[in-house]
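Worksheet for the structure shown next.
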Amino acid sequence: MIYTVTFNPALDYVIAVDHFTLGKVNRTVQENIFCGGKGINVSALLANLGYASTALGFVAGFTGTEIERGVKELGFSSDFIRVKKGMSRINVKLKSDEESEINGMGPDIQPEDTEALFGKLDRLEQGDVLVLSGSIPAAVGSDIYERIMERLRGRGVRIVVDAEKELLSAVLHLNPFLIKPNNHELGQMFGKELKTEEEIIAHARILKERGAANVLVSMAGDGAVLVDEKGEIHRQGVCRGKVRNSVGAGDSMVAGFLAGYLKTGDYGYALKLGTASGGATAFSDGIGTRERIMELLGQLEENGGN
Ligand SMILES: Nc1ncnc2c1ncn2[C@@H]1O[C@H](COP(=O)(O)OP(=O)(O)OP(=O)(O)O)[C@@H](O)[C@H]1O
Ligand SMILES: O=P(O)(O)OC[C@@]1(O)O[C@H](CO)[C@@H](O)[C@@H]1O
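The numbering of the sequence shown is the UniProt record's numbering, which starts it at 1 and goes up by one.
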């Protein structure tokens, strides 16, 4: 079974404004609301590819009620913990001449809420996959992913971590199966900007040396590189298409990669399915559909990407 954990689910309010002007009244020309948060996006794309998963995490307030309702329509099961104080976030994704985001804080998660999550995670078994994705609310310590992984150590659960900075650095020694920083997040972990592919690969290798089995670095429109568990390097260019909304492209890549790996055990194929999945989401208003993913996979298999 695959489980995803989203500590801080959100309603993503995705809007477009013509030439957004700071300090003025701006009016939207397009608006959509999606249930989001990184783990939920991973579960949604897995469902589109026919892989069942259960989304875990915390919800609160009227926004939390809407998230619980909305995920039912996305085709995967959820087992969220309802938190008493605060509300689930509304994250604003503004598309104009540039793309900007305002991500909220999220509810006030108490130690007993975290304990309730641990109780659910204690049921995971050999062969299960756990995806830990996204930021955590301020009230939760930044060692939480590390604590979860320590608790599950030795149980034969493959763990994927898609998070930034300390959340990610803290888990490397616990040998996650896969991590997926983007090139900027990878640079931030070393306090530098990584400009060339060689620099990106060199720093991805360092994260592998620190314990991650597979390091997948996504680079938005520039594609992705993977240092796989044997240390082999795979490069993949992007699919061709018109970008509509890149929110969730990285999560879709994680889901597609996982689906590809679980199906074949082949990292080259996993990277292709991940890329097609990231592209399908970038070229759609929401999370990419199976039909679009398969069309883009066909494109990559024909020409290896751009
Ligand atoms: N503009 C684009 N054109 C084509 N493919 C794209 C584009 N943006 C993203 N993708 C695909 O999605 C993958 C992941 O994108 P990206 O590097 O933006 O992830 P991310 O930064 O984690 O995204 P997010 O946080 O928005 O989910 C890329 O490697 C690529 O395959
Ligand atoms: O604030 P976090 O948890 O880092 O990211 C949250 C978020 O930006 O990530 C998803 C896209 O990857 C969105 O659905 C969601 O709003």
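Note that beta-carbon positions come from the ideal geometry of N, C-alpha and C, so glycine has one too.
Q: For Gly75, collect the residues of the same chain with a Cβ closer than 7 Å to its Cβ; drop the 5 residues on either side in sequence, then sort them by chain order.
A: Excluding residues within five positions, the ones whose Cβ falls inside 7 Å are Ala47.
Q: Give a yes or no on whether the C-beta atoms belonging to Ile136 and Ile144 are separated by under 7 Å.
A: Between Ile136 and Ile144, the CB-CB gap stays under 7 Å.
**Q.** Buried or exposed by the 16-neighbour rule on C-beta atoms within 10 Å, applied to His203
**A.** Answer is buried; the Cβ neighbour count reaches 16.
Q.
Quick test of your reading: Met253 and Ser277, contact by CB under 8 Å. State the CB separation rounded to the nearest angstrom.
A. With 8 Å as the limit, Met253 and Ser277 qualify as a contact, their Cβ atoms being about 6 Å apart.
Q. Taking DSSP as the reference, what is the three-state secondary structure of Asn41?
A. In this structure, Asn41 counts as helix in the three-state DSSP scheme.
Q) Between Ser43 and ligand 2, is the CB less than 6 Å from at least one heavy atom? A) Checking every heavy atom of ligand 2 against the Cβ of Ser43, none is found closer than 6 Å.
Q.
Is it the case that the stretch 37 to 52 contacts the stretch 111 to 125, given that we only count it when at least three CB pairs across the two stretches are under 8 Å?
A. Contact between the stretch 111 to 125 and the stretch 37 to 52 is absent: fewer than 3 CB-CB pairs across the two stretches fall below 8 Å.
Q. Cβ of Arg235 within 7 Å of Cβ of Phe283?
A. The beta carbons of Arg235 and Phe283 sit no closer together than 7 Å.
Q) Just how far apart, CA to CA, sit Lys272 and Ala259? A) Distance between the alpha carbons of Lys272 and Ala259: 11 Å.
**Q.** Environment of ligand 1 in chain order, Cβ to heavy atom below 6 Å
**A.** For ligand 1, the selected residues are Asn182, Ser218, Met219, Ala220, Gly221, Gly223, Ala224, Val238, Cys239, Val243, Ser246, Val247, Gly248, Ala249, Gly250, Asp251, Met253, Thr275, Gly278, Gly279, Ala282.
**Q.** Backbone CA spacing between Ser218 and Ile200 [nearest angstrom]
**A.** Pairing Ser218 with Ile200, the inter-Cα distance amounts to about 10 Å.
Q) Can the beta-carbon of Lys38 be found less than 7 Å from the beta-carbon of Asp162? A) It is a contact, given that the beta carbons lie within the stated cut-off.
Q. If you draw a straight line from the C-alpha of Thr289 to the C-alpha of Ala280, how long is it?
A. Here the alpha carbons of Ala280 and Thr289 stand approximately 7 Å from one another.
Q) Does the Cβ-Cβ distance between Gly268 and Gly256 come in under 7 Å? A) No, the Cβ-Cβ distance between Gly268 and Gly256 is not below 7 Å.
Q. Would you call the CB atoms of Ala213 and Glu229 closer than 7 Å?
A. Remark: C-beta atoms of Ala213 and Glu229 approach each other more closely than 7 Å.
Q.
Give me, in chain order, the residues of the same chain whose beta-carbon lies closer than 7 Å to that of residue 308; leave out the 5 immediate sequence neighbours on both sides.
A. No information on residue 308 is available, as it lies outside the stretch 1 to 306 that the chain covers here.
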